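J.: Here my numbering = 1-based position in the sequence shown + 372. The structure follows.
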Amino acid sequence: MTDVVAIGELLVDFTQREVNKDGFPILDGHPGGAPANFLAALSSLGIATSLIAKVGNDSFGRSLINTLNKYNIDSSNVIVDDNEFTTLAFVTIDSNGEREFSFSRKPGADTRLKASEIDYSLIAKARVLHFGTLSLTDSPAKEATIKAIEYAKSNNKIISFDPNLRKPLWKSLDKAREAILYGLSQADIVKISDDELRFMFDMEPKAGIEHLFKSFNIKIAFVTCGENGVYFSNDGKSIGYIESLKGLNVVDTTGAGDIFGGTTLGRLLLLNKELKEINMNELYEAVGYGVIASGLSVEAYGGISSIPSLARIKKLHNND
373 MTDVVAIGEL
383 LVDFTQREVN
393 KDGFPILDGH
403 PGGAPANFLA
413 ALSSLGIATS
423 LIAKVGNDSF
433 GRSLINTLNK
443 YNIDSSNVIV
453 DDNEFTTLAF
463 VTIDSNGERE
473 FSFSRKPGAD
483 TRLKASEIDY
493 SLIAKARVLH
503 FGTLSLTDSP
513 AKEATIKAIE
523 YAKSNNKIIS
533 FDPNLRKPLW
543 KSLDKAREAI
553 LYGLSQADIV
563 KISDDELRFM
573 FDMEPKAGIE
583 HLFKSFNIKI
593 AFVTCGENGV
603 YFSNDGKSIG
613 YIESLKGLNV
623 VDTTGAGDIF
633 GGTTLGRLLL
643 LNKELKEINM
653 NELYEAVGYG
663 VIASGLSVEA
673 YGGISSIPSL
683 ARIKKLHNND
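Pasting the structure below:
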């Protein structure tokens with residue numbers, strides 16, 4: 373039985389390590405895609421997971437499916453498309469040291485997933501359905517994602533949402549805002565970044581959390597602020613905060629937010645409680661695990677491949 377099903381992009385992240393003598397980035401390939409990173413973090417905690425996605429019938433697609441199997445993520449509903457190429461993401465570093473994203477996705481196999489290709493029995497057996505906005509950028513994946521969410525809600529599943537905004541993939545930022553508003557309107561659990569809060573509501577974390585609970589039917593919310601920690605709440609009134617790990621040797625932040633989200637959700641699921649029964653002390657404990665996992669992940673390259681072991685997370689958590 374699957375505990376958490378995610379729907380969305382499965383792709384290869386090419387991450388810059390250095391530049392060559394001509395000034396071009398030297399890139400390393402790593403398995404990725406926010407939903408896959410998220411599930412891999414859950415799987416590392418022993419949570420049963422499954423991904424609904426589409427890749428191309430190419431070496432990248434086959435390698436990605438092998439990666440899912442390696443990390444104990446069910447790949448039975450990862451469709452292989454003979455007509456489209458597996459989506460590729462390129463993460464380079466700009467002159468200010470900030471990550472810059474570009475994509476080989478025209479259209480990209482991940483956007484071609486159809487509602488008719490979804491194995492809804494996976495969702496029926498799961499506790500949680502997780503999604504982001506990258507699968508809402510283009511049809512038919514947009515309609516497939518909405519259909520999966522509608523099915524999950526009609527079967528009383530927990531809905532988890534992480535906007536994972538990637539502006540270059542949107543034809544219009546107004547469309548991106550519409551997609552995020554849709555996701556927030558469907559979600560029970562939201563993991564959103566401080567940058568995404570500013571993009572949507574021009575609000576800082578505490579005010580943003582209050583707004584989310586007032587405006588949507590959210591049960592638990594997390595606002596990640598990179599090196600500035602995480603804010604969280606289960607009612608929009610009591611707002612907790614945990615600072616990020618310090619003294620890290622940061623080499624690649626790709627997937628850190630997904631790893632935080634997956635690890636934190638995993639710890640909450642292990643409580644075997646209804647969301648409304650989870651108290652702030654339990655949230656603090658779960659977020660503590662998530663902060664450690666995401667912090668350690670930035671010391672390695674890639675998303676899935678940077679997830680630290682549970683033993684290492686526990687050791688640091690017990691030392692707090």
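Even glycine gets a Cβ: it sits at the ideal position worked out from N, Cα and C. Note that the structure is predicted; figures quoted are calculated from it, not measured.
From the DSSP output, in three-state form, read off Pro680 for me.
T.: Within the sequence shown, numbered from 1, the residue matching residue 680 stands at position 308. Looking at Pro680 - three-state DSSP - the assignment turns out to be coil, as it is neither helix nor strand.
J.: Beta carbon of Thr439, beta carbon of Thr374: below 8 Å?
T.: Position 67 of the sequence shown holds residue 439. Position 2 of the sequence shown holds residue 374. Not closer than 8 Å, so no.
J.: Provide the residue(s) that pair with Tyr613 in DSSP beta bridges, ordered along the chain.
T.: Residue 613 sits at position 241 when you count from the first residue of the sequence shown. Partner(s): Tyr603.
J.: Tell me the residue span of the beta strand (DSSP E) that contains Thr464.
T.: Working through the sequence shown from its first residue, we reach residue 464 at position 92. Here the beta strand (DSSP E) through Thr464 covers Leu460 to Ile465.
J.: Taking the alpha-carbon of Leu383 as reference, which of Ser431, Lys547, Ser511 and Pro403 has the nearest alpha-carbon?
T.: As a position in the sequence shown, residue 383 is number 11, starting the count at 1. The option with the nearest alpha carbon to Leu383 is Pro403.
J.: My output table needs one value for Glu671: the three-state DSSP class, helix, strand or coil.
T.: For the purposes of this step, residue 671 is identified with residue 299 of the sequence shown, where counting begins at 1. Reduced to three states, the DSSP call for Glu671 is coil.
J.: Please identify the residue among Leu423, Asp400 and Tyr443 whose C-alpha is closest to the C-alpha of Ser415.
T.: Reading the sequence shown from its first residue, position 43 is the one you call residue 415. Measuring from the Cα of Ser415, the nearest candidate turns out to be Tyr443.
J.: Pair every Cβ in the stretch 606-620 with every Cβ in the stretch 628-644, then say whether three or more of these pairs are closer than 8 Å.
T.: No, because fewer than three Cβ pairs between the stretch 606-620 and the stretch 628-644 fall closer than 8 Å, the two stretches do not touch.
J.: Alpha carbon to alpha carbon, how far is Ile664 from Leu688? Give it in angstroms, no decimals.
T.: Translated into positions along the sequence shown, residue 688 becomes position 316. Translated into positions along the sequence shown, residue 664 becomes position 292. C-alpha separation (whole angstroms): 7 Å.
J.: Based on Cα-Cα distance, which residue from Val463, Ser532, Gly598 and Asp567 lies nearest to Val376?
T.: Reading the sequence shown from its first residue, position 4 is the one you call residue 376. Nearest option by C-alpha distance: Ser532.
J.: For the candidate residues Lys539, Val427, Gly405 and Ser605, whose alpha-carbon lies nearest to that of His502?
T.: Taking the first residue of the sequence shown as position 1, residue 502 is located at position 130. Ranking Lys539, Val427, Gly405 and Ser605 by Cα distance to His502 puts Gly405 first.
J.: What span of residues does the beta strand (DSSP E) with Ser476 cover, start to end?
T.: For this step, residue 476 is matched to residue 104 along the sequence shown. Residues Arg471 to Ser476.
J.: Alpha carbon to alpha carbon, what distance is there between Glu456 and Ser666?
T.: Numbered from its first residue, the sequence shown carries residue 666 at position 294. Numbered from its first residue, the sequence shown carries residue 456 at position 84. For Ser666 and Glu456, the distance between alpha carbons rounds to 32 Å.
J.: Go ahead and label Leu506 buried or exposed: buried means 16 or more other beta carbons lie within 10 angstroms of its beta carbon, across all protein chains shown.
T.: Working through the sequence shown from its first residue, we reach residue 506 at position 134. When all chains shown are included, Leu506 counts as buried.
J.: Rounded C-beta distance between Ser605 and Ile581? I'm assuming under 8 Å.
T.: The sequence position of residue 605 within the sequence shown is 233, counting from 1. The sequence position of residue 581 within the sequence shown is 209, counting from 1. Ser605 to Ile581, Cβ: 5 Å. Contact.
J.: Apply the 10 Å Cβ neighbour rule to Lys393 and answer buried if 16 or more other Cβ atoms are within range, or exposed otherwise.
T.: Locating residue 393 in the sequence shown gives position 21, counting from the first residue. Lys393 should be labelled exposed.
J.: Considering only C-alpha positions, which residue in the set Arg484, Glu472 and Lys591 is nearest to Asp510?
T.: As a working note, residue 510 is residue 138 in the sequence shown. Of the candidates Arg484, Glu472 and Lys591, the one whose C-alpha sits nearest the C-alpha of Asp510 is Arg484.
J.: I need the DSSP call for Phe503, collapsed to helix, strand or coil.
T.: As a position in the sequence shown, residue 503 is number 131, starting the count at 1. The answer is strand: DSSP assigns Phe503 an E or B state.
J.: Tell me which same chain residues have a C-beta within less than 7 Å of the C-beta of Leu399, skipping the five on either side of it?
T.: Indexing the sequence shown from 1 puts residue 399 at position 27. The residues are Phe386, Thr387, Gln388 and Phe462.
J.: Considering only C-alpha positions, which residue in the set Phe473, Gly418 and Ser493 is nearest to Ile424?
T.: Counting from one through the sequence shown, the residue named residue 424 turns up at place 52. Out of Phe473, Gly418 and Ser493, Ser493 has the C-alpha closest to the C-alpha of Ile424.
J.: Pick from Asp430, Tyr673 and Ile561: whose alpha carbon is nearest that of Leu655?
T.: As a working mapping, residue 655 is identified with position 283 in the sequence shown. Considering only alpha carbons, the answer is Ile561.
J.: Just the Cα atoms here: how many angstroms apart are Lys525 and Lys514?
T.: Locating residue 525 in the sequence shown gives position 153, where the first residue counts as 1. Locating residue 514 in the sequence shown gives position 142, where the first residue counts as 1. The alpha-carbon atoms of Lys525 and Lys514 are separated by roughly 17 Å.
J.: Apart from the five residues just before and just after Val670, which ones in its own chain have a Cβ nearer than 8 Å to its Cβ?
T.: For the purposes of this step, residue 670 is taken as the residue at position 298 of the sequence shown. Around Val670: Leu620, Val622, Val623, Asp624, Thr625, Ala628 and Ser678.
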